[in-house]
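J.: Just so you know, the sequences run in chain order W and F.
The first sequence maps to residues -15 to 144 in this note's numbering.
The second sequence maps to residues 19 to 101 in this note's numbering.
C-beta: ideal position from N, C-alpha, C; glycine also.
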Amino acid sequence: MATIRLQREDFDIGAETAALANGRTDIGAVVAFTGICRGGDGGQPITAMTLEHYPGMAETEIARHVAEAESRWPLIGVTVIHRYGRVVPGENIVLVLTAAAHRADAFTAAEFLMDYLKTRAPFWKEEERAGASAWVGASETDNAAAQRWATPSTCSDAAE
Amino acid sequence: MRVLYFAWVRERIGKTQETITPPASVETVRDLMAWLAGRGEAYAYAFENPAVIRAAIDRAHARPEAAITGAHEIAFFPPMTGG
């Protein structure tokens, strides 16, 4: 039921949404989150970003979190596509689609998946500014965002 | 066992992966980081602050105290910044 893909190339949100929802009458809501490469937050603009990943683990780790989302919310379908390689500002990086009968479950599950992707999926961003490259540091805001989903059963896991 | 390095850990060490045979006294992820740090200047630089390095044993997140006995693949990397 879940579609998980890691790819170099861009994705088509319309086509992915159609693949998830077309021909079904039990879906009442599809939430689509697209993460896009920003051109920077002030200072030197970012000219490009390279996403490195751990093949083999990245897919497994995303699948684990999709399975957790499916156990916590009544989802009908999930799609996660994460790009790797070099992207430039304005290009897509990640797509999360969640389908459910009602919107609240789809919204919440999409947010949960994104918060976990940010902090637990083995991807690393390296930014290029003015010809120099620098690895992006982990964000405390992202860590706090992921932490709020921890349940008594997942606390030890989230603290790893 | 096979050891993989990612992002700046990989850059500092200058290798994407290698096969190592640590002594039996190296029992945990923490022990392995300390042992690797003793292999030379590049390794010492990569593991200079082990508290910020994350690890995975056989493609699953692992804590510093996790036992490495029987592991086939251990990876070291900085905190993740995907999404």
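Compare the C-beta of PRO106(W) with all C-beta atoms of chain F and state if any pair is closer than 7 Å.
T.: For PRO106(W), the answer is yes, since a Cβ of chain F falls inside 7 Å of its Cβ.
J.: By Cβ distance, which residues of its chain are closer than 7 Å to PRO40(F), with the 5 residues on each side in sequence left out?
T.: Only LEU50, TRP53 meet the Cβ criterion.
J.: In angstroms with no decimal places, state the Cα-to-Cα distance between VAL14(W) and PRO68(F).
T.: Roughly 42 Å separates the two Cα atoms.
J.: Once DSSP output is grouped into helix, strand and coil, what is the label at GLN191(W)?
T.: Missing from the structure shown is residue 191(W); chain W here goes from -15 to 144 and no further.
J.: Starting from GLU36(W), find everything on chain F with Cβ-Cβ shorter than 7 Å and list it in chain order.
T.: What GLU36(W) touches in chain F: PHE24, ALA25.
J.: Should MET19(F) be flagged as near chain W, meaning a C-beta pair shorter than 7 Å?
T.: No, because no Cβ of chain W sits closer than 7 Å to the Cβ of MET19(F).
J.: Please confirm if MET33(W) has its CB atom under 7 Å from at least one CB of chain F.
T.: So no, MET33(W) is outside the interface.
J.: At 8 Å on the CB atoms, spell out the chain W contacts of ALA74(F), in chain order.
T.: Ordered by position in chain W, the residues that pass the 8 Å Cβ test against ALA74(F) are TYR38, MET41, PRO106.
J.: Could you check whether ALA89(F) and MET13(F) sit closer than 7 Å to each other, using their CB atoms as the reference points?
T.: Outside the shown range of chain F, which is 19 to 101, sits residue 13(F), and nothing can be said about it.
J.: Would you say TRP133(W) lies against chain F (beta-carbon separation less than 7 Å)?
T.: TRP133(W) does not count as touching chain F.
J.: Residues of the segment 73 to 90 of chain W in Cβ contact with chain F at a cutoff of 7 Å, in chain order, please.
T.: So the close ones are VAL78.
J.: Enumerate in chain order the residues of its own chain whose CB-to-CB distance from TRP174(W) is below 8 Å, with the five nearest sequence positions on each side excluded.
T.: Residue 174(W) lies beyond the range of chain W shown here (-15 to 144); nothing can be said about it.
J.: Using CA atoms only, rank isn't needed, just tell me which of THR82(W), ALA88(W), ALA116(W) is closest to ALA(-14)(W).
T.: The residue with the shortest Cα to Cα distance from ALA(-14)(W) is THR82(W).
J.: Mind checking the segment 88 to 100 of chain F against chain W and listing, in chain order, the residues whose C-beta falls within less than 9 Å of any C-beta there?
T.: Within the segment 88 to 100 of chain F, the qualifying residues are GLU91, ALA93, PHE95, PRO96, PRO97, MET98, THR99, GLY100.
J.: Just how far apart, CA to CA, sit GLU(-7)(W) and GLY19(W)?
T.: Each residue's Cα considered, the two are about 14 Å apart.
J.: Under 7 Å, do ASP126(W) and ILE60(W) count as touching if we go by C-beta distance?
T.: No; because the gap between Cβ atoms is not below 7 Å, this pair is not in contact.
J.: At 9 Å on the CB atoms, spell out the chain W contacts of ARG57(F), in chain order.
T.: In chain order: nothing, as chain W lies at least about 22 Å away.
J.: Looking at the secondary structure, which residues open and close the alpha helix (DSSP H) in which GLY(-2)(W) lies?
T.: First-last of the alpha helix (DSSP H) with GLY(-2)(W): -3 to 5.
J.: Provide the residue(s) that pair with ILE20(W) in DSSP beta bridges, ordered along the chain.
T.: According to DSSP, ILE20(W) bridges with ASN76(W).
J.: Contact between the segment 32 to 46 of chain W and the segment 105 to 121 of chain W: three or more CB pairs below 8 Å?
T.: At 8 Å Cβ cutoff, the stretches touch.
J.: Compare the C-beta of ARG77(F) with all C-beta atoms of chain W and state if any pair is closer than 7 Å.
T.: Yes, its Cβ sits closer than 7 Å to a Cβ of chain W.
J.: How would you write the range of the beta strand (DSSP E) that TYR23(F) sits in, first residue to last?
T.: Note, TYR23(F): beta strand (DSSP E), 20 to 23.
J.: Who pairs with LEU(-10)(W) in a beta bridge, going by DSSP?
T.: LEU(-10)(W) pairs with HIS66(W).
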